[in-house]
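**Q** Residue numbers (the numbering used here): 58 to 626.
Even for Gly, the Cβ is constructed at its ideal location relative to N, Cα and C.
(1) For residue 325 versus residue 353, is the C-beta distance shorter than 7 Å?
(2) Between which two residues does the beta strand (DSSP E) containing residue 321 stretch?
(3) What residue ranges within the region 121-190 form continuous beta strand (DSSP E) runs of no fewer than 3 residues, ordered along the chain?
(4) Where do the ends of the beta strand (DSSP E) carrying residue 297 lie?
(5) Give a yes or no on whether the C-beta atoms belonging to residue 302 and residue 481 are separated by under 7 Å.
(6) On the premise that residue 572 lies in contact with residue 260, defined as a C-beta separation below 8 Å, what is that separation, rounded to the nearest angstrom?
(7) Can you list, in chain order, the residues of its chain whose CB lies under 7 Å from that of residue 245, leaving out five sequence neighbours each side?
(8) Let me confirm a value: residue 175 is counted as buried when at least 16 other C-beta atoms fall within 10 Å, else exposed. Which label applies?
(9) DSSP puts residue 103 in a beta bridge; with which residues?
(10) Under 7 Å between the Cβ atoms of residue 470 and residue 363?
(11) Please state if the CB of residue 313 and the CB of residue 272 are separated by a distance shorter than 7 Å.
(12) Determine the DSSP secondary structure at residue 309, reduced to helix, strand or coil.
(13) Find the nearest neighbour of residue 305 within the set 122, 141, 580, 589, judged by alpha-carbon distance.
(14) Could you check what DSSP says for residue 215 in three-state terms: helix, strand or coil?
(15) Exposed or buried, which one is residue 611 when buried takes at least 16 other CB atoms within 10 Å?
(16) For residue 616, name the three-state secondary structure that DSSP assigns.
(17) For residue 90, count the other beta carbons within 10 Å of its own beta carbon; 16 or more makes it buried, fewer makes it exposed. Which is it?
(18) With a threshold of 16 other CB atoms inside 10 Å of the CB of residue 216, please say whether the residue is buried or exposed.
(19) Skipping 5 residues on each side, what residues in its chain have a beta carbon closer than 7 Å to that of residue 13?
(20) Spatial neighbours of residue 608 within its chain, please: C-beta separation below 8 Å, excluding the five flanking residues on both sides.
(21) State the DSSP-derived secondary structure class of residue 294, mapped to helix, strand or coil.
(22) If I measure Cβ to Cβ from residue 77 and keep anything under 6 Å in the same chain, skipping five residues before and after, which residues do I get?
(23) Among 171, 135, 138, whose alpha-carbon lies nearest the alpha-carbon of residue 147?
(24) Are residue 319 and residue 161 touching if we call contact CB-CB under 7 Å?
(25) When DSSP labels each residue in this structure, what does residue 226 get in the three-state scheme?
(26) Please determine, among 184, 185, 190, the residue with the shortest C-alpha to C-alpha distance to residue 178.
(27) Take residue 187 and list the residues in its own chain whose beta-carbon comes closer than 6 Å to its own, dropping the five residues that flank it on each side.
(28) How is the beta strand (DSSP E) around residue 76 delimited, first residue to last?
(29) For residue 502, I'd like the list of residues in its chain whose CB is within less than 8 Å of its CB, leaving aside the five on either flank, ordered along the chain.
(30) Specify, as a first and last residue, the run of the beta strand (DSSP E) that residue 564 falls within.
(31) By the three-class DSSP mapping on this structure, what secondary structure does residue 197 have?
(32) Give the secondary structure of residue 221 by DSSP, where H, G and I count as helix, E and B as strand, and everything else as coil.
(33) Is it buried or exposed for residue 235, if we count other Cβ within 10 angstroms and need 16 for buried?
(34) Please classify residue 577: is it buried, with 16 or more other beta-carbons within 10 angstroms of its beta-carbon, or exposed?
(35) For residue 501, which three-state DSSP category applies?
(36) Evaluate residue 286 with the Cβ neighbour count: other Cβ atoms within 10 Å of its Cβ, from every protein chain shown; 16 or more gives buried, anything less gives exposed.
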């Protein structure tokens, strides 16, 4: 009796309509394992029509049932992934056309086969990342088009690929259009450029050939400067040529097109000493020192490929004025070596100091007050302006305008960058331009040179001052006039009025300035030492008067020979 009462109290698993003792119509059924629960239409004891199948974990299906199976159109919610599918079902599986909305925002719309994406479909994995093409077992496979954005594999926005896929990777022939303007057409393997292909880079570089693992097989790795000699000897006022080649690690020229190459020059960087006029403003220097393989840094120096006409003062030129003469080069150039140049400069300054001290008028008469005498030092523009009642600032401006070198632009354009042609760039008209006003390395050199020579010049001046003072005192004591003191400051030319580059050692620098960089990297710069010297001394050979044709002399010689051959009988 107790067992019968317990069975009577057990809950009925089905509540709903029945026909002939079978579930038929609308009803709710709870399965014995209590994991499934069905609410919907029944026919002849089977789920048939529209219904909703709920699972204990929260997953549920709502849609069409046929003869107890999920068939037809329906909606399924997956509790574990929170994905939502709307579309066709067959025997309880997603099959046919359907739309899957994923929790991360991805959306797939297309064909399904036994719960897998298969056939043609559209997968949106971001706001602008869309794949449209064939699928096989959830993977992109076959022909398809992919537009990328930054949410997919960190690829740049707007890149677009059209081609073939295998196992969700680009594989086979395809074309890639990059957002920066680059374009690749060729073979892919495992999502990378691999095989024969052509890359037209956004920077202008064009590479056609074999690729391996996403990189060209013969990719350039260095820049090489090709010149006749190293260091390269160049001359003031004369252009020179350089050739740059893009080479790989095997030292072979890579025939790529369009790599942007820049050529520039540099001069040795010198740090101002404490107490120098430039020491306090050195932090404001815009041009940062450039390291070189020659053991010192350089700062940029003007280099141009534009021709400019300027008369070069050739201290070492020895020419004889004869238009009919022949030009010959003299190998021994006067003062070309740096040591000789420094010695000449020092002797020149000593000579100037001595001349300044010795260049004192023999007699200082009262007539000198009326105006400057011949051989005396002229007044500066500021002094002349003050005497004439002109504003000092206006006089300074006028003096600066008058001191501008004639025939030379203050700012010559820098040498133009050139795109590589079959891996080669050439410049044929390069010249070191005149230094800009107050070029820092030259100013520092002037200060250092002045400090070195100051003591020696001071000694010479002191000695000459003593001798000159004694001589002037004696002379003035005889004439009864006051002693005249010599000027202690020699005239110096500044670095702002130079019309040509100074002789010395410069560094030629070649940079890869391709923008954007080809394959994400730029080639390391190449360096070449330049030695700028004065123009070669040219000697004009004057023809010898004996080598000229003298008709009368030749007639006389002919007659003399004739008389000697036929003596008088």
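**A** By the coordinates alone:
(1) yes
(2) 317-325
(3) 126-134, 141-147, 150-158, 164-170, 173-181
(4) 297-304
(5) yes
(6) 6 Å
(7) 220, 227, 228, 229, 231, 251
(8) buried
(9) 100
(10) yes
(11) no
(12) coil
(13) 580
(14) coil
(15) exposed
(16) helix
(17) exposed
(18) buried
(19) This structure cannot settle anything about residue 13, because the visible part of the chain is limited to 58 through 626.
(20) none
(21) coil
(22) none
(23) 171
(24) no
(25) strand
(26) 190
(27) 181, 204
(28) 71-76
(29) 327
(30) 561-569
(31) strand
(32) strand
(33) buried
(34) exposed
(35) helix
(36) exposed
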